[in-house]
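This report refers to the structure that appears directly beneath it.
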Amino acid sequence: MAIILLFCWVCASAIGADIELAKKSTLETILKRGALWVGFDSGYMPFEMTNQKGRYVGFDIDMAKEMAMGVKFVPINTAWAVRKTDPDFLNWLNNFLRQIKNDGQYDKIYNKWIKSTDWIKNVQRLD
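Residue numbering for the sequence shown follows the working numbering, starting at -16 and increasing by one per position.
Encoded structure:
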């Protein structure tokens, strides 16, 4: 009998904990706010970018809009930065950029995504 009571007490505690956890969940926060805030960097074409009308478009934007499901979709354009107080990371980043510039990878990326505007025409047709 004591084992059954102990089992019931443990289950009741777990259910109560689950309810409290659910009240603090990210989903609950989104529902209370009535909006899904989505951070992104509009420079990652074709996943996240700004079209000629100034609207955010791309695969990630479309996916986030679908995920909003009944709440307002709020896109938040962000940017990446390196802290001045993190010289090790800045040194690593500079070495990485130097390396890809020296081995030709930087030119391939630049020519495909920045220099060429062929991909823009495809994206603009989606509008």
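Glycine residues also receive a C-beta, built at the ideal position from the N, C-alpha and C atoms.
Here's the rule I'm using: 16 or more other beta-carbon atoms within 10 Å means buried, otherwise exposed. How should Asp45 be labelled?
The residue is exposed, with fewer than 16 neighbouring Cβ atoms inside 10 Å.
Applying the criterion that 16 or more other CB atoms from any shown protein chain within 10 Å of the CB defines a buried residue, is Cys(-6) buried or exposed?
Model confidence at Cys(-6) stands at a pLDDT of 49, short of 50, so the residue's coordinates are unreliable and nothing is read from them.
Could you say if the stretch 50 to 69 and the stretch 9 to 28 meet the contact criterion of at least three C-beta pairs nearer than 8 Å?
In this structure the stretch 50 to 69 touches the stretch 9 to 28; the number of beta carbon pairs closer than 8 Å is three or more.
Along the chain, where does the alpha helix (DSSP H) containing Lys55 start, and where does it finish?
Note, Lys55: premise wrong, no alpha helix (DSSP H); beta strand (DSSP E) at Lys55 to Asn60.
Starting from Phe79, trace the alpha helix (DSSP H) both ways and give me its first and last residue.
In the DSSP assignment, Phe79 falls within the alpha helix (DSSP H) that extends over Pro70 to Asn85.
Counting only the same chain and skipping the five closest in sequence on each side, list residues whose C-beta sits under 8 Å from that of Val65.
Only Phe72, Leu73 and Leu76 meet the Cβ criterion.
According to DSSP, is Ala18 part of a helix, a strand, or is it coil?
Three-state result, Ala18: strand.
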